[in-house]
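Step one of this worksheet: look at the structure below.
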DNA sequence: GCGCGCTACTAGCGCGCTCTAGTTCGAGTA
DNA sequence: TACTCGAACTAGAGCGCGCTAGTAGCGCGC
């Protein structure tokens, strides 16, 4: 920085002003400073900057490396953070790297706030985190913890999906749930409620799973095995999320089941895969961009106004009907 | 820190020593300092620490948010970096966020080295980056740039896959390529060479694509449309990577093509999806963990021994035969 | 002529830590 | 006793910035 200042014939302070895009520097000088900086290859040291101003203006994002919906969210987080003048640091949780560890890394890099994508940690941990810093949880509700919360109205989404299926004449509708995954409990509950509301409680069936392709494949195998054992296939499946739906589709189409003729499948998320399929996946759309924007805004607003109470944003999901759902088979199922 | 020092009755320097776990402090004092720090809730400020010691011991990783193989790599990078005492910062490139921007973010956070996963930038940019800092490119070869390079021997992988297919009796083998994607050029070349070697140059056909599901779906549609127009389907397809293979599978199985009876499909990467499928994807395995380890080691070793020349690691890929490849159809194809 | 306000710029302190070059002190040695 | 030596500890400079308080210069009105 001193080099730049000297070479441009100004003081260090002025270089600082130019780089912070602050008023107080002439247009000509500004350009000269930037040009010299570029020549030298100078770039402000964020550590020093951070130290000097006491704020890092950095948002930490914890995500699960393999979760495709998270990548959709991240895509939305970057631009919104940039718009508000914040930097973004990513930290992934993987098999060998717990969420706590990932968060710790973010904090030790002085992130001012932490955005947790579908966290799977104990509520106590999240609450403690919320006390220590500004935290936002996306997709997972944390009852009385001091964290902001962004999610979509799972109940509404599931209801739309179920109404759609019932309208198409389906009665044997199975739900593959997402276990302890974010939003899974709410979806499961909404599924049960919808079955009841439609007078189908006798048909209700939840196959335990989680939010992965693997889980969908397993469930598919289970259903196929049952079919071979004499129990008819359900006519429709509400999957825990899109990945699960994809797994299920792979499993059943491979076995000759035709979708949606023999079986309707509805996913959840509308992750970028869903619309790619030749006959797109019918799914409940969670607007990842909007969720990301809310998460960032919540974090930033709590940061700027420290005493503010944590808030909750509930976004309306929307059923997107594509090619994997259709009317119930006319004759008896392919039992 | 000053508070801790005062309350523990020692100097700030001593506190520093204790927190760096350095020799030069008595056992008793050490414990006292730690206890006091815990009471006060003191944790060292990594920004200041970083500034003061001039080294961040942080590795930056640039990746493409949607690329599943990258997530496999990241999973391997974390533990290796931790083992060597380095921190990891992630920065994703997305639609609205160029690779240059992602790298810029890493550098301004004082990453000492940058690991680029399948970078798509101009060689000139990469070379410049390599001059400025320690850089490692994974999957993409950058001819005479000052960067380390980790990749798998694409040629060998493709050759194994092709030999496998030819052995199964295939002759009409189509390659959906990966465009400018990492490794794509090498794979394309190796495909052509293999066709030639087996005396099938007349049958060689490359369908332009890229490393996404979308691309596989498009290629699938194209092939199906051609079939409907009278041109027989190929009997086997070598996809540019697993995602592409998955897209292709979705497209063709949906249209009633049975894999591998009517069509054999071979992927590339062995990303975590491949083994999940009910009848797993036959693919060329790139050992993501091993690649990640090499990348981290290259970066760290160049960091510790600054004058060291960039190196290249070529890992042997391995064909993994699963369920999507089989003998060529007995009768005439399903034309 | 003076004060005024404005823009363009600068001096220099301090952020919280690390690190070098010390000082102190008690035990060991001749 | 007089010394050496190492372990335990400290003083204080400096890392690269941001920021506050200030100065210089200039056009303005009266």
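Chains as they are written, first to last, in the numbering used here: chain P, 33 to 367; chain L, 33 to 367. Where is the CB? At the ideal position from N, CA and C, for every residue including glycine.
Just so you know, the alpha carbons of residue 130 (chain L) and residue 53 (chain L) end up roughly 40 angstroms apart.
Counting of Cβ neighbours within 10 angstroms places residue 274 (chain L) among the buried residues, the total reaching 16 or more. Closer than 8 angstroms at the C-beta level to chain L, one finds these residues of the segment 68–101 of chain P: 73, 75, 76, 77, 78, 79, 80, 82, 83, 88, 97, 98 and 100.
For residue 123 (chain P), the enclosing beta strand (DSSP E) covers residues 119–125.
The closest CA to that of residue 260 (chain P), considering only P:245, P:277 and P:289, is found on P:289.
Per DSSP, the unbroken beta strand (DSSP E) holding residue 314 (chain L) starts and ends at 314–317. Secondary structure at residue 102 (chain P): helix, using DSSP grouped into helix, strand and coil.
Contacts between residue 119 (chain L) and chain P, judged by CB atoms closer than 7 angstroms, involve 137 in chain order. Within the segment 185–240 of chain P, the complete beta strand (DSSP E) runs of at least 3 residues fall at 205–208 and 237–239. If the five residues before and after residue 66 (chain L) are omitted, its C-beta is found closer than 7 angstroms to the C-beta atoms of 50, all from its own chain and listed in chain order. Residue 213 (chain P) places its beta carbon less than 8 angstroms from that of residue 243 (chain P).
For residue 112 (chain L), the nearest beta carbon of chain P is not closer than 8 angstroms to its own beta carbon. Residue 170 (chain L): member of the beta strand (DSSP E) spanning 166–170, first to last residue. Here residue 43 (chain L) is exposed. Its C-beta has fewer than 16 other C-beta atoms within 10 Å. Residues of chain P with a Cβ closer than 8 angstroms to the Cβ of residue 196 (chain L) do not exist, since the nearest Cβ in that chain sits about 21 angstroms away.
When C-beta atoms of the segment 141–156 of chain P are compared with those of the segment 84–97 of chain P, three or more pairs fall below 8 angstroms, so the two segments count as touching.
Within the same chain, Cβ atoms closer than 6 angstroms to the Cβ of residue 233 (chain L) are found at 227, the five residues on either side in sequence being excluded.
Taking the beta carbon of residue 147 (chain P) as reference, no residue of chain L falls within 8 angstroms; the closest one sits roughly 14 angstroms away. Contact note: residue 322 (chain P) does not reach chain L at a C-beta cutoff of 8 angstroms; the least C-beta distance is about 15 angstroms. Apart from sequence neighbours up to five positions away, the residues of its chain that approach residue 355 (chain P) with a beta-carbon distance below 6 angstroms are 311 and 312, ordered along the chain. Comparing C-alpha distances from residue 204 (chain P) to each of P:181, P:240, P:264 and P:162 shows the shortest one belongs to P:264. Each residue's CA atom was taken as its position, placing residue 37 (chain P) and residue 168 (chain L) some 32 angstroms apart.
The segment 97–113 of chain L makes contact with the segment 95–109 of chain P, as at least three CB pairs between them are under 8 angstroms. For residue 323 (chain P), the secondary structure class from DSSP, reduced to helix, strand or coil, is helix. Distances from the alpha-carbon of residue 215 (chain L) to those of L:119, L:101, L:81 and L:253 put L:101 closest.
It is roughly 14 angstroms from the alpha-carbon of residue 68 (chain L) to the alpha-carbon of residue 59 (chain L).
By the C-beta density criterion, residue 163 (chain P) is exposed, having fewer than 16 other C-beta atoms within 10 angstroms. Look at residue 358 (chain L) here: in three-state DSSP terms it is coil, with no helix or strand label. According to the DSSP assignment, residue 145 (chain L) belongs to the beta strand (DSSP E) that extends over 145–149. Among the bridge pairs identified by DSSP, residue 181 (chain L) is matched with L:169 and L:344.
Assignment of residue 302 (chain L) by DSSP, reduced to helix, strand and coil, places it in the coil class. Across the set P:348, P:342, P:349 and P:353, the C-alpha of P:342 shows the shortest separation from the C-alpha of residue 176 (chain P).
Cβ atoms of residue 352 (chain L) and residue 317 (chain L) come within 8 angstroms of each other, at about 5 angstroms.
Taking the Cβ atoms as the reference, residue 252 (chain L) lies roughly 5 angstroms from residue 284 (chain L), within the contact range of under 8 angstroms.
For residue 123 (chain L), the chain P residues whose Cβ falls inside 7 angstroms of its Cβ are 122, in order along the chain. Classified as exposed, residue 340 (chain L) has fewer than 16 neighbouring CB atoms from the shown chains inside 10 Å of its CB.
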